[in-house]
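Take a look at the structure set out below.
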Ligand code: HEM
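Numbering (the UniProt record's numbering), first residue to last: 1 to 341.
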């Protein structure tokens with residue numbers, strides 16, 4: 001499954017792209033970003049968990065006010081404190097009032113879901129256990145998925161989400177261990193995993209002035225129009241790739257179980273890195289090339305190795321950067337191994 005333990009302080013990462021991401025995310029929320037089918041209690045719990053976490057982890061970015069006392073069925077506050085009433089995102093000068101319970105009226109869980117999405121750069125999926133013991137995607141704020149659409153997946157159990165996307169090695173390798181992992185996952189043991197894809201974006205002159213120039217929300221130049229997307233056509237690189245237009249699209253995902261509702265929260269944080277930038281990172285070109293060469297056939301198929309001309313272009317560029325690094329004494333020769341350096 002490629003998962004590793006996660007320390008609590010690493011749950012949510014923020015960086016200098018925060019404002020740019022949140023502009024894109026806010027716009028996407030208005031169009032197709034969020035949905036709640038069930039799991040309303042979990043969503044209310046999630047918005048309080050995020051507000052408690054963020055105000056401690058990034059105290060200059062998030063400021064909170066609290067209710068005078070806890071007067072609801074559940075006390076969402078950490079360390080016995082009364083629950084948070086409002087959270088202010090200081091750099092954006094935005095304040096959100098957190099719902100306390102599902103009794104606050106229609107649409108309260110949706111409201112909580114939107115606040116979650118506006119606070120962080122990650123997309124969110126709330127997985128709730130069904131009466132059949134399987135985990136269902138019941139609520140989410142998926143604003144910048146790039147190559148899948150929330151409306152195609154929401155409501156599905158974990159296995160269907162992956163089977164419908166032809167996720168490589170899912171039936172043969174991942175299915176059983178993932179089901180077992182979800183059922184047994186303890187509250188105190190969050191985990192993280194990473195993946196990567198190669199994406200092509202528009203050339204520089206066509207990117208100028210575009211809000212989402214890096215095609216974070218939807219990878220149109222690689223996968224065509226979002227409205228016409230069918231999952232079989234993933235990573236077809238509709239535009240001819242060049243080293244200037246190729247991006248490494250990498251997701252850092254986390255999973256944790258919420259203590260009160262028992263729902264599992266899946267976070268997906270996407271990073272877009274120009275491959276020319278990767279080429280300059282010490283030791284990275286050699287490792288990326290060797291990782292790409294070791295893709296099993298199914299993985300190559302999923303990532304579109306044979307669709308478009310990008311695969312050979314990336315390998316050739318990474319090999320060239322690696323050779324230059326070796327000549328400068330910055331990277332090990334093949335087989336010597338210099339990681340971690
Ligand atoms: C231990 C947990 C999980 C593992 C090991 C896992 C594994 C994978 C793998 C291997 C892929 C192919 C792309 C990649 O390499 O990442 C994938 C795709 C995907 N996963 Fe998961 N996953 C997990 C949890 C989840 C959860 C909780 C969701 C909830 C929404 C989810 C939604 C998806 C979606 C939407 C895709 C894209 C499918 C497509 O291409 O249509 N995954 N997952």
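Just so it is clear, CB atoms sit at the ideal spot from N, CA and C, and this is done for glycine as well.
Anticipated Cβ contact below 8 Å, residue i with residue j, distance rounded
i: residue 216; j: residue 314; result: In fact, because the Cβ distance is near 19 Å, the residues do not count as touching under 8 Å.
i: residue 51; j: residue 84; result: 5 Å
i: residue 236; j: residue 307; result: 4 Å
i: residue 129; j: residue 262; result: 7 Å
i: residue 264; j: residue 113; result: Going by Cβ atoms, the distance from residue 264 to residue 113 rounds to 16 Å, so no, they are not a contact pair.
i: residue 117; j: residue 25; result: 6 Å
i: residue 119; j: residue 44; result: Not confirmed; about 14 Å, so no contact.
i: residue 9; j: residue 63; result: With a Cβ gap of about 19 Å, residue 9 and residue 63 do not count as contacting.
i: residue 144; j: residue 27; result: That belief does not hold up - the Cβ atoms of residue 144 and residue 27 are roughly 11 Å apart, past 8 Å.
i: residue 199; j: residue 249; result: 5 Å
i: residue 168; j: residue 259; result: Not really, about 34 Å apart at Cβ, beyond 8 Å.
i: residue 174; j: residue 1; result: 6 Å
i: residue 140; j: residue 161; result: So it is not a contact: roughly 11 Å between Cβ atoms.
Straight-line gap, residue i to residue j (C-alpha atoms, nearest Å)
i: residue 256; j: residue 328; result: 44 Å
i: residue 290; j: residue 39; result: 42 Å
i: residue 142; j: residue 269; result: 10 Å
i: residue 342; j: residue 288; result: There is no way to answer for residue 342, as the model of the chain reaches only from 1 to 341.
i: residue 341; j: residue 275; result: Legend: pLDDT at residue 341 = 44, less than 50; position of this residue unreliable, no value from coordinates given.
i: residue 280; j: residue 321; result: 7 Å
i: residue 88; j: residue 95; result: 4 Å
i: residue 204; j: residue 221; result: 13 Å
i: residue 37; j: residue 150; result: 12 Å
i: residue 180; j: residue 267; result: 20 Å
i: residue 195; j: residue 122; result: 15 Å
i: residue 53; j: residue 330; result: 39 Å
i: residue 92; j: residue 242; result: 36 Å
i: residue 189; j: residue 239; result: 42 Å
i: residue 170; j: residue 163; result: 7 Å
i: residue 207; j: residue 323; result: 31 Å
i: residue 186; j: residue 77; result: 20 Å
i: residue 244; j: residue 213; result: 13 Å
i: residue 97; j: residue 16; result: 25 Å
i: residue 60; j: residue 82; result: 21 Å
i: residue 277; j: residue 224; result: 25 Å
i: residue 20; j: residue 210; result: 12 Å
i: residue 316; j: residue 165; result: 29 Å
i: residue 136; j: residue 332; result: 46 Å
i: residue 285; j: residue 300; result: 19 Å
i: residue 49; j: residue 158; result: 23 Å
i: residue 253; j: residue 197; result: 14 Å
i: residue 182; j: residue 134; result: 8 Å
i: residue 302; j: residue 294; result: 14 Å
i: residue 7; j: residue 18; result: 22 Å
Identity of the residue in the options nearest residue i by Cα
i: residue 251; options: 273, 177 and 230; result: 273
i: residue 68; options: 56, 86 and 51; result: 86
i: residue 99; options: 42, 152, 148 and 11; result: 42
i: residue 147; options: 12, 175, 103 and 304; result: 304
i: residue 132; options: 74, 259 and 156; result: 156
i: residue 66; options: 73, 80 and 58; result: 80
i: residue 12; options: 177, 174, 74 and 192; result: 192
i: residue 201; options: 300, 310 and 174; result: 310
i: residue 344; options: 138, 14, 312 and 5; result: Coverage of the chain is limited to positions 1 through 341, which leaves residue 344 absent and any answer about it impossible.
i: residue 32; options: 218, 293, 292 and 302; result: 218
i: residue 229; options: 152, 302, 271 and 172; result: 152
i: residue 47; options: 90, 72 and 115; result: 115
Residue-chain proximity (residue i, chain B), Cβ-Cβ < 9 Å
i: residue 242; result: Absent here is chain B; the protein component of the structure consists of one chain.
Identity of the residues DSSP links to residue i by a beta bridge
i: residue 123; result: 268
i: residue 141; result: 34 and 124
i: residue 4; result: 192
i: residue 135; result: 129
i: residue 146; result: 218
| field | Completely contained beta strand (DSSP E) runs for the region 223-298, where each covers 3 or more residues | value | 246-257 and 264-274
| query | What runs of the alpha helix (DSSP H), each 4 residues or longer, lie entirely inside the region 150-207? | reply | 150-153, 158-164, 175-184 and 204-207
| query | Residue ranges of each beta strand (DSSP E) run of no fewer than 3 residues wholly in the region 46-127, ordered along the chain? | reply | 62-66, 84-89 and 94-97
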